[in-house]
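This report concerns only the one structure given below.
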Amino acid sequence: MVLKLSEERLILFKDTFNTYMLSKKYSDRTREEYFYYLDKLKPFSEISQGTINLFLLDSSTNNNICRSFLRAFIKCLIRTSDTLQLTHEEIETLTKLDIESLKNIPKKPEVQPLSEEQIQTLIDSYPKVGGKLMIELVYKTGLRAKEILDLKVSDFEWKSWLMNPAQQLKLNVRGKGDRVGILWVNGEFAKRLYDRTLNLYGSFENLPPEKLMFEISYNAFWKKLRRVSQKCLGINVHPHQLRHTFGTRMMYKSGGNIKQVQKAMRHSSITTTQRYLHVSQEEMRALFEKI
């Protein structure tokens, strides 16, 4: 038993799924990610247990977010089956899909940190100044991708920094659960952030307080980062891999002080930080001996 897919049906399913996610108060980022995976279903002409398994064999879809998307999408189709005019056989197909068995499909390898040389190659290869600065900002501060995209020009304390540009620039960031954290970037990097912002807006005066530092969507940044990293490094780099690299680097520089790493990563639980202990001192030394 299968559920047939067509271009017209996918458009209808997408509109219905969007309405469903809005009613469930899914975040903009989650909806964006789920639409990304929905678009990846286009090459398939049907939904069945076999095609779903094939779908997840692709390294770009074999992850927990994609599996969450599939669960939500299938639940939406079942709950709106009358509106979508699904047949009894199609509803039965969706009902019998064994989502739990998808866990048996080989998982992605654990996230690997990038070397300093790889980071620099990535920055040099990125075509736009804004993208270069975003990559470097994650590498230097460990910001999450969403935190980077939510940054406002007013989150940086420019006035106090301009009094002494050689000093560090203070940054106020809103993390998970709207927790506010304070970070700093060195004077040389701060100047490049300042110059880029000045070139974009001409002046800091009268800028709306909600003006974003980087006006790009998560999905667009992710796609661009993957294309550039594949071309210059031969691997697909995920935004979180940059943060993971920062955490590993901090573990090495702190001499394995997990409390310091927890504070630098802004983890609410030290259990989350413990994953960085699994990277051996030898691996870290090889990766970051030049830092």
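For the sequence shown, the working numbering begins at 3 and goes up steadily by one. By construction, the Cβ of each residue, glycine as well, lies at the ideal position given by its N, Cα and C atoms.
Taking C-beta separations shorter than 8 Å and ignoring five residues to either side along the sequence, the partners of Thr82 in its chain run Thr18 and Tyr22, following chain order. DSSP places Lys161 in the uninterrupted alpha helix (DSSP H) bounded by Trp160 to Leu164. Per the Cβ contact rule, the segment 122-139 is in contact with the segment 214-234 (3 or more Cβ pairs under 8 Å). Taking a C-beta distance under 8 Å as the contact criterion, Leu7 and Ile49 qualify as a contact pair.
Within 10 angstroms of the beta-carbon of Val182 lie fewer than 16 other beta-carbons, which makes it exposed. The beta carbon of Ile80 lies closer than 8 Å to those of Ile93, Leu96 and Thr97 in the same chain, with the five residues before and after it left out. When only Cα atoms are considered, Tyr38 and Tyr220 end up about 11 Å apart. Going by DSSP, Ile184 is part of no alpha helix (DSSP H) but of the beta strand (DSSP E) stretching over Val182 to Val187. For Val131, the uninterrupted alpha helix (DSSP H) segment begins and ends at Val131 to Thr143. The three-state secondary structure of Val4, taken from DSSP, is coil. Rounded to the nearest whole angstrom, the CA to CA distance from Ile237 to Gln114 is 11 Å.
Distance between Glu119 and Gln243, taken at the CA atoms: about 15 Å. Around the Cβ of Ser231, a 10 Å sphere holds 16 or more other Cβ atoms; the residue is buried. Under the DSSP assignment, Val263 falls in the alpha helix (DSSP H) whose first and last residues are Ile260 to Met267.
The straight-line gap separating the alpha-carbon atoms of His240 and Val140 is approximately 12 Å. About 6 Å separates the beta carbon of Val155 from that of Leu209, a gap short enough to meet the 8 Å contact definition. Distances from the CA of Val187 to each of Lys178, Leu202, Trp160 and Arg176 were compared; the closest alpha carbon is that of Trp160.
Runs of beta strand (DSSP E) with 3 or more residues, each lying fully within the segment 218-249, are absent.
Assigned with DSSP and collapsed to three states, Glu35 falls in helix.
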